[in-house]
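Here's the structure, in structure tokens; my notes come after.
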Amino acid sequence: MIKVLIADDQELIRQSLQIVLNSRQDMTVTDVAADGQEVIRCVRKNVPDVILMDVRMPKMDGVQCTKIIKESYPQIKIIILTTFDDDEYVYNALKYGASGYMLKGVSMDELVGAITTVYNGWAMINPDIAAKVLRFFSQMAQADDTISVREKDMEELTRTEWKIIAQVEKGASNKEIAKNLNLSEGTVRNYLSTILNKLDLRDRTQLAIWAVQTNVRKRVET
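Using UniProt numbering, the letters of the sequence shown correspond one by one to residues 1 to 222.
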């Protein structure tokens, strides 16, 4: 049973998500919160597995809330729910440890899939805005917030693994990677797990940032 906390300052959204998620046999909503401070209180009372986190909330926004929660509860997965004009907020939330970035207005099936994905240890970025997020990763690559990978770990990567990393750099989903490289989705998932272990990276988000920083696509193409 996946325990979910819903954080949104709009009552209608909180109620709607609560009804839908509680109707599922594999999920339960532990709490709902209207602002960041309330989120933290709820987490201390009932530690959830996944938080659906609105970005713009009163008293404390979703970015600051994400930072505080991940410092004390690193095991909690956080999915940021946002609109197109929230790019900078989401970039910082991902930097602080959020596992997902989803647009408000996605279908419930997509949102449920995202919850399951991050619960199982993967990152989830809405394909429609992956390119926009990666632009922020590019900016990050020019700054001091770099992700380091040891040269000897990079040398262990196979040709296929490099191709998969290049696809991640483009913002491709597992389904798209499978299609582009003529692999099954299960095989892609296994490859990604192996890649993360080899490079000692936390999740797909860190892999994408590192891929942009090191210009992996150029390396694969040459």
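All C-beta atoms in this analysis are idealised placements derived from N, C-alpha and C, irrespective of residue type, glycine included. Quick caveat, the model's predicted, so the values are computed rather than measured.
Express the C-alpha separation of residue j and residue i in angstroms, rounding to a whole number.
i, j, result
"C42", "T30", "9 Å"
"K179", "A208", "19 Å"
"V4", "S72", "17 Å"
"Q18", "D203", "28 Å"
"K67", "A93", "7 Å"
"V106", "S184", "25 Å"
"K45", "P74", "16 Å"
"T28", "M57", "23 Å"
"G186", "V47", "31 Å"
"G121", "M102", "16 Å"
"I76", "M124", "14 Å"
"L21", "M53", "15 Å"
"S23", "A34", "21 Å"
"Y89", "I69", "16 Å"
"Q213", "E151", "14 Å"
"K110", "K104", "Going by the sequence as given, residue 110 is Glu instead of Lys. C-alpha separation (whole angstroms): 11 Å."
What is the DSSP secondary structure of residue i, counted as helix, strand or coil?
i, result
"D54", "strand"
"I177", "helix"
"I147", "coil"
"M154", "helix"
Figure out for me which residue from the options has the closest Cα to the Cα of residue i.
i, options, result
"Q206", "V149, A172 and T160", "V149"
"Q37", "Q18, K59 and R44", "K59"
"N215", "T194, A166, K67 and A7", "A166"
"E161", "R189, Q25 and P48", "R189"
"I13", "M1, Q64, T82 and I40", "T82"
"I147", "D200, A34 and N182", "D200"
"Y119", "D26, S16 and E11", "D26"
"A98", "D49, A172 and D9", "D49"
"I164", "V112, G62, N126 and N182", "N182"
"D153", "R159, E169, I51 and N197", "N197"
"A172", "P127, K70, L192 and M1", "P127"
"E155", "I2, Y191 and I195", "I195"
"C65", "T117, D8, Q15 and Q213", "D8"
"Q10", "I40, V55 and I2", "V55"
"M1", "L192, T116, E151 and N174", "T116"
"V174", "R159, T158 and L192", "According to the sequence as given, residue 174 is Asn; it is not Val. Selected option, being the one with the closest Cα: L192."
"M108", "T158, S16, E151 and Y96", "S16"
"T158", "K104, V63 and V220", "V220"
"Y96", "E151, V63 and L111", "V63"
If residue i and residue j are in contact, beta carbons under 8 Å, what's the gap, nearest whole angstrom?
i, j, result
"A114", "I79", "6 Å"
"E169", "A211", "4 Å"
"I6", "V32", "5 Å"
Point to revise | Segments of 3+ residues assigned as beta strand (DSSP E) that fall wholly inside the UniProt domain "Response regulatory" (3–119) | key: Listed in chain order, the beta strand (DSSP E) elements of length 3 or more contained wholly in the UniProt domain "Response regulatory" (3–119) are 27–33, 50–54, 77–82 and 100–103.
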